[in-house]
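Protein chains in written order, with the working numbering: chain F, 18 to 815; chain U, 46 to 327. Working notes, structure below.
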């Protein structure tokens, strides 16, 4: 992969003398990670720690008639064998609903299944032993007598009268339904010169983190405290949930999150096996550890997508879009995942479809149904890849039908850059977007006209290349509108505490967390800049509920925009405090001074007045020399939450250039471009890495990744040989460009960038494949992933 | 997952390995490069009582050209073969196939003997052995024997190797001036097991090809010769050869492709490999 430098200029408003804003500084944690000195949960070893393994249901739906643990209990090294009913004495079940998703319903889920297993892979019994190997040996000795029940697997028939209802406590298999009508869609379709209607399919796939889910729980009965080491994206959320379901107070629980090997939204949910591990520690009064293996990860890590969207667009001959209509159906497994629910993705599809465009006539329905497969929930770019592929797929099909260039039809319909604030057809509110600037940048970056000419020339030689586009909007910096208003105790705000140490360096304690995306670097950049020290004088403390301000963690592209702003403000506040006491020491007015590169200077001339080490020495060790009544306050805390806008929407556009081997049905990706606008770019390299990584995950969805189930609810490819994650060899060079439209909601002006790549890439690749095959008369491909099977079928070759 | 408990023994010699295999206390497995075996142990798909490590035995690795044949010791690593000038010159089909096997880390440990003995039907080397009309040396408690490739692959992960046999070497005819080879495969990602692959060998014969051997992999329980297609290709008719595949092969579908797709791709491969065989002539 070639890295192309396309850094935006440094923003003057934030360009303090020693500014790190807009600079590609290396991550402070890089050396630790590269030297193998990271500390993942798998590395945590505690005295008396026991290992947990689970007996998992081989059936998609089965009654648990009896469990015979006798032989397992006697096996070497086995400490305990615990069933769901036994564990229920220390942990209560949960129900994944949010009140703002009206009508969403789910059934109580237990840490270990009681009486009934609802998907193949659900834990039905735990074995705790001295080692993981002995625990697995013990699992092999547990006898479970199952009575297989009919499995509900196909979302299309999940609501049918002859399909069994999975949860007797709920009337049907419908988890959630949303209908939304805006403008006048009927009138819009009536006014259209052309209407295109098709069905888009999105395969189930999953996040596949380098480090699987892992947890160590340590219930200390003496302190009446529970310490949980967990690879999670949201330590404070987990603290709340452990307290709630183990009948403890939140202050009795400490969640420690050290290094985490990737998350992608996988590690922001409540997992039954992790809850069980914590409950087992409480039950057994000793540390317990569970590390999911790769096969367990495939059958228990949340899956995502699996949508069937019937979609329709009306368009006039001049390219004006007149109406949109979608009908989304998605199967989410047997339970709505706690506490964020499994209704959010379908809800986002309704929110985001048509989002970049001016046409207000929109009819949408989304239905979320239960089934006996692994649970589904929010994964990177929740709902975006679906809404974007549907919208952009429709647009390119419509452009083809009226004979218009695909970029031209977008130019005629994208919301104008000077028309903000504005809103999308679903009513989502946009503060400021830059669709047309992004499109123009992309057009020149990729030399669109040149590529079209090349495509035309090669077609004459029997080489079929395609160019596809996808404009998109991305939800970032969520306010309480995302979860808090629905009753979930998930913090929308975040805090930062900055403390001067005895030598003039600073510690920054932040509520956001790091899973590999560079949040630690971004926090350090913000606080170093606003306070006025070099990056190597900043130590960032994160991932510890005992030692960080209350915060949401890192998900929904919020760490830089929200956590970064809190750190920025805290650094500023500490600077004022330090200048106040420096003013006393120097007999100078604080407002005439600044802190630059670790030294208090005269703001006007830059002349050095006193070093931070000297300020710290006086304040900490010789406070008796300060004037009477002067008390130095060398700690400052600030919090931030977006208030003016529910979400800081970003925007962008991607393009894909690829070649289809029409003999074999194989797709060769030649090049990919993304121009995005995440507002102020704090670290261009990290933003570009986020975009590239996101594009690769989106390409995975388009071409490779698919959790294949049979009709009995068995996952057929739950291993790294058969489930195809995208690999470097097959990836194209990905060029990233930027347009900068800061949000006015914060001083920093940063929006999120973590999901832009994933949002646009699948639809973009789909459009490019269809563009390549158009001269061959192939029916448009709309069923992801686009495998050689499907491409050969579209070409009529098999 | 962790493997089921097993005992481990490091064989000091070939005889020692055979002796260990002969113990009557349950199933034993030989450990060479471990690139397939360890994964199956960790997934508990296989639970031998004893693992016999061959890696300490001297003389089982190495490449030698003698008597018009290339002999490759069973413990020879893929990476060593990949770097070998003898393989490149005298066994060019194997040289073509090696870069497709897994990834560098796998090729550093994986052995040629292990790949042949494991006989994954989608693996490259068993098909190469078959295409080259090679042979396999086997040591057993009752002595040594040699089995032709055509007789070696019996069924899914089943070979002519008995429970007390050790594969010690493979041999293929050294390429002559008129030897032509071709290799191609379709894998969704580089390094994956192939959806369909084809290893081919022929002798240049005037304007055409003689002694064509086409060995497909990923289309059945074992690497398969496409004998009718071989005849058609010898007759010089590629279109007929592709048509003949319909009676030579009957692939089943798997998670990566339907049987129909595999059949179609087998034809695409034949055209591409036939071109390689012909191009190499000029």
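By construction, the Cβ of each residue, glycine as well, lies at the ideal position given by its N, Cα and C atoms.
Check, Outcome
"Taking the alpha-carbon positions, what's the residue 635 of chain F to residue 643 of chain F distance?", "8 Å"
"Take residue 663 of chain F and list the residues in its own chain whose beta-carbon comes closer than 6 Å to its own, dropping the five residues that flank it on each side.", "496, 498"
"How about residue 99 of chain U and residue 56 of chain U: are their beta carbons less than 7 Å apart?", "yes"
"Tell me whether residue 18 of chain F sits in a helix, a strand or coil according to DSSP, three-state version.", "Confidence at residue 18 of chain F is low in this model, with a pLDDT of 35, below 50, so its placement is unreliable and no value can be given for it."
"Leaving aside the five residues before and after residue 146 of chain F along the sequence, list all residues of the same chain whose C-beta is less than 7 Å from its C-beta, in chain order.", "67, 68, 94, 95, 96, 152, 155"
"How about residue 233 of chain U: is its C-beta nearer than 7 Å to some C-beta of chain F?", "yes"
"Is the shortest distance between the beta-carbon of residue 747 of chain F and the beta-carbons of chain U less than 7 Å?", "yes"
"Looking at the structure shown, is residue 24 of chain F part of a helix, part of a strand, or coil, going by DSSP?", "With a pLDDT of only 49 at residue 24 of chain F, under 50, the local geometry of the prediction cannot be trusted, and no value is derived from it."
"Work out the CA separation of residue 120 of chain F and residue 322 of chain F for me, nearest whole Å.", "21 Å"
"Residue 801 of chain F touches chain U at which residues, Cβ-Cβ below 8 Å?", "Simply none; closest approach about 14 Å."
"Output yes or no for whether 7 Å exceeds the beta carbon distance between residue 588 of chain F and residue 524 of chain F.", "no"
"If the criterion is Cβ atoms closer than 7 Å, does the pair residue 590 of chain F and residue 506 of chain F meet it?", "no"
"Hey, how far is the Cα of residue 779 of chain F from the Cα of residue 404 of chain F?", "11 Å"
"Please identify, using Cβ separations under 9 Å, the residues of the region 199-222 of chain U that lie next to chain F, in order along the chain.", "none"
"Can you name the start and end residues of the beta strand (DSSP E) that residue 654 of chain F belongs to?", "652-657"
"Looking at the structure shown, is residue 326 of chain U part of a helix, part of a strand, or coil, going by DSSP?", "At residue 326 of chain U, the pLDDT of 46 sits below 50, so the modelled position is not reliable and the matter cannot be decided from this model."
"Put residue 818 of chain F into one of helix, strand or coil per three-state DSSP.", "Residue numbering for chain F in the displayed model covers 18 to 815; residue 818 of chain F lies beyond these limits and cannot be assessed."
"What runs of the beta strand (DSSP E), each 3 residues or longer, lie entirely inside the region 514-601 of chain F?", "523-527, 555-558"
"Out of F/348, F/414, F/710, F/562, which one is the CA nearest neighbour of residue 745 of chain F?", "F/710"
"State yes or no: is the beta carbon of residue 302 of chain U nearer than 7 Å to at least one beta carbon in chain F?", "yes"
"Below 6 Å CB to CB, which residues in the same chain sit around residue 159 of chain U once its five sequence neighbours on both sides are set aside?", "77, 78"
"Grouping DSSP H, G and I as helix and E and B as strand, with all else coil, what is residue 160 of chain F?", "strand"
"On the three-state DSSP scale, how would you describe residue 135 of chain U?", "helix"
"Please name the residue in F/59, F/766, F/674, F/200 whose C-alpha comes closest to that of residue 464 of chain F.", "F/674"
"Using 8 Å as the cut-off, can you tell me whether the region 223-232 of chain F makes contact with the region 275-289 of chain F, which would need three or more C-beta pairs spanning the two stretches below that distance?", "yes"
"Under 8 Å Cβ-Cβ, which residues of chain F neighbour residue 306 of chain U?", "682, 805, 806, 809, 815"
"Quick check: residue 695 of chain F and residue 753 of chain F, are their CB atoms within less than 7 Å of each other?", "no"
"Are residue 407 of chain F and residue 328 of chain F touching if we call contact CB-CB under 7 Å?", "yes"
"Residue 487 of chain F bridges to which residues according to DSSP?", "F/671"
"Along the chain, where does the beta strand (DSSP E) that runs through residue 209 of chain U open and close?", "Unbroken run through residue 209 of chain U: none, as it is neither H nor E."
"Between residue 309 of chain U and chain F, is the shortest Cβ-Cβ distance under 7 Å, so that the two count as touching?", "yes"
"Considering Cα atoms alone, identify which of F/176, F/429, F/304 is closest to residue 335 of chain F.", "F/429"
"Of all the residues that make up the region 74-101 of chain U, which are near chain F by a beta-carbon distance shorter than 9 Å?", "84, 87, 88, 89"
"Which residues mark the beginning and the end of the beta strand (DSSP E) in which residue 182 of chain U is found?", "180-185"
"Could you tell me the distance, in whole angstroms, from the CA atom of residue 165 of chain U to the CA atom of residue 221 of chain F?", "29 Å"
"Which residues does DSSP list as the beta-bridge partners of residue 245 of chain F?", "F/234, F/272"
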